[in-house]
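Worksheet: the structure to be examined is printed underneath.
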Amino acid sequence: MKYVVAALAAVILAALILRRRSDEATGLFGNEKAELIDGVKRAIDALARELEGKTSQFLRPDQMRHPLLINLSLLALLDDVEAVGTPTTRLDVAEALAYMRLSSAAYGSIMLAALGDSSSAGVVPASENEDVAIAVACKAPTAELLMVATSRPGVPAHFVARLGSKIVVCVRGTRGIDDAVTDMIATSADAPELGGRAHAGIRDAARRVATGKAADLAGRASEIVVAGHSLGAGVAALLALEFARNWPDKKVDCYCFAPPPVATRAPKLPNCDVRVVVNDNDCVPSLSLASVAELLVRAANVDALSLTLRERVALIANQDARALKGVVTDGPSTIAPLALVGDVFHIRGRELLTPPASLFDRITVHRRMILDHFPHNYEYALARLLV
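Below you can see the structure in the form of C-alpha cells.
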C-alpha cells in the first residue's frame, strides 16, 4: 500500500505545482517544454473542474481528518472483487511473452535491475544506447538491434529490432520526466483518424514516432510488430493503427502490456491486430482523468464517514466493509471517458480471461495495484500461464 500512497502523493504534488505555480513550473522545465507543461496544466484544470462541488478536499490531503493510507486501505476493502470474465485461449501466450521481454528491454538494464529484474545484473553500460543493447541481448538473444532512439520532450524512447522475419518497434514506458509529462497530458483531443477522441499526450507521441527513423525502418518490412509496456503500450496501440493506415498492404501486429486508456473509440483495421494484456490488479489500465477524479471523490467520502480512527483500523484488521457500502461518487462525470484500444486479455492468477468492457472503467484499490504493473511481474504472469 505504501506504493499506492507514494503514487497518489506524486500526482497531488504535481497538481499543486502546476495549478498554482504554472509559470515557475514552466521555468523549471525550460522553454522547450512549455507547450507540454501547458498541456499538463489543462489536464489538472479539467480534473479540478470535475471535482468542484463533489469534495472540498481535492489537492488538500493535509485537511483530511484521517491518514491517506487508512482511507485507501478502507477503499481496498470496498473494492475487493472476484475475478470476472470468460476463459480464453485466443492469445498466443508464448509469443506475447517474447514481446513482453522486448518491451522490458526498452527500459534498459539499469532500470530493470532497480525494479527487481536481475537478468542483466553485474553489467555496467557506458551509455543509454548500450544500456538498451545489454537489456535486449539478455531478454531476446536472437533479436538484432537496428536502432535506439532516446527520449526527448513529447517523444518516448524506443528501439527497432529484427526478430526472425519481423521488424519490431518497442516503445519504452515511463522512466524520466519527459515521459511523466507525456503521461500527465491526459486531456482528450479530437482524433478524427480514430473516429473519436484520444489521450492528447499519447496521441501526439505516437504521431511523432510515426514520422521518425523507426517508421522508415518499419516501412521496409512486410511484417511489423509494435509493442510496449505502460506509457509505451499506449503509444504502441496508436502507433500500430497509424502504421496500418499508412501501409494497408502490410500486416501490423501490436502487443500492449499495461496500457492506460487512450481513446474513446478506435477503428478495427483489417491489417492490424491490437492485443492488450493486463496483469491481475494492475491499476494503470484504469488510469484516466475521469477515474482519478472518481478515486479522489471516494477517498474524500471515506474520510468524511463518522468513524473514529480506532474504528477504521478495526474495520481494516477485520476485513469488514459493511460500514463502507454508502461510499459512492457524486454526480455524472464531465470528462470524456477513455478506454483501452484492442482485444483485452486479463491475467488472473493462472487463468487468462476476456474481461467485460466495463472492468477497467474505475481504479480498483488493491495492495498490488502498483506491484502488478512492474514489467518483470508481467513476464512472470505470462510465463506462469505456460506451465
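Each step along the sequence shown adds one to the number in full-length UniProt numbering, with nothing skipped, and position 193 is 193. From the three backbone atoms N, C-alpha and C, an ideal C-beta is built for every residue, glycine too.
Just to confirm, are residue i and residue j a CB contact at a threshold of 8 Å?
i	j	result
residue 132	residue 106	yes
residue 91	residue 345	yes
residue 209	residue 239	yes
residue 259	residue 84	no
residue 352	residue 87	yes
residue 140	residue 102	yes
residue 307	residue 323	yes
residue 276	residue 217	no
residue 108	residue 135	yes
residue 338	residue 188	yes
residue 79	residue 365	yes
residue 348	residue 384	no
residue 244	residue 194	no
Along the beta strand (DSSP E) that carries residue i, what are the first and last residues, could you check?
i	result
residue 374	Per DSSP, residue 374 belongs to no beta strand (DSSP E) and is neither H nor E.
residue 147	144-149
residue 159	158-163
residue 325	Where residue 325 is concerned, there is no enclosing beta strand (DSSP E), given that its DSSP letter is neither H nor E.
residue 170	166-171
Please report the residue range of the alpha helix (DSSP H) in which residue i lies.
i	result
residue 311	309-318
residue 72	68-78
residue 190	Taken as a continuous stretch (DSSP letters only), residue 190 belongs to no alpha helix (DSSP H), being part of the beta strand (DSSP E) at 188-191.
residue 216	213-218
residue 138	128-139
residue 369	Here residue 369 belongs to no alpha helix (DSSP H), and DSSP marks it neither H nor E.
residue 97	93-105
residue 298	289-303
residue 231	231-246
residue 109	109-114
Using only the alpha-carbon positions, how far apart do residue i and residue j sit?
i	j	result
residue 204	residue 223	24 Å
residue 270	residue 341	15 Å
residue 233	residue 206	10 Å
residue 389	residue 263	Any question about residue 389 goes unanswered here, given that the chain covers just 1 to 387.
residue 316	residue 147	50 Å
residue 363	residue 151	29 Å
residue 219	residue 278	29 Å
residue 225	residue 325	45 Å
residue 172	residue 99	12 Å
residue 119	residue 303	43 Å
residue 97	residue 67	40 Å
residue 214	residue 237	15 Å
residue 318	residue 212	55 Å
residue 158	residue 257	15 Å
residue 113	residue 369	20 Å
Identify the residues that DSSP records as bridge partners of residue i: which are they?
i	result
residue 346	278, 353
residue 254	226, 274
residue 196	191
residue 339	263
residue 155	152
residue 86	354
Return yes when at least one heavy atom of the ligand ATP lies under 7 Å from the C-beta of residue i, else no.
i	result
residue 179	Among the ligands in the structure shown, none appear at all, so the ligand ATP cannot be discussed.
Point to revise | At least 3 beta-carbon pairs within less than 8 Å: the segment 244-254 vs the segment 267-284 | key: yes
Exercise for review: Specify whether the segment 368-379 and the segment 282-299 touch according to this definition: at least 3 beta carbon pairs, one from each stretch, less than 8 Å apart.
Suggested key: yes
**Study point:** the segment 65-72 / the segment 297-311 touching (three or more Cβ pairs under 8 Å)
**Key:** yes
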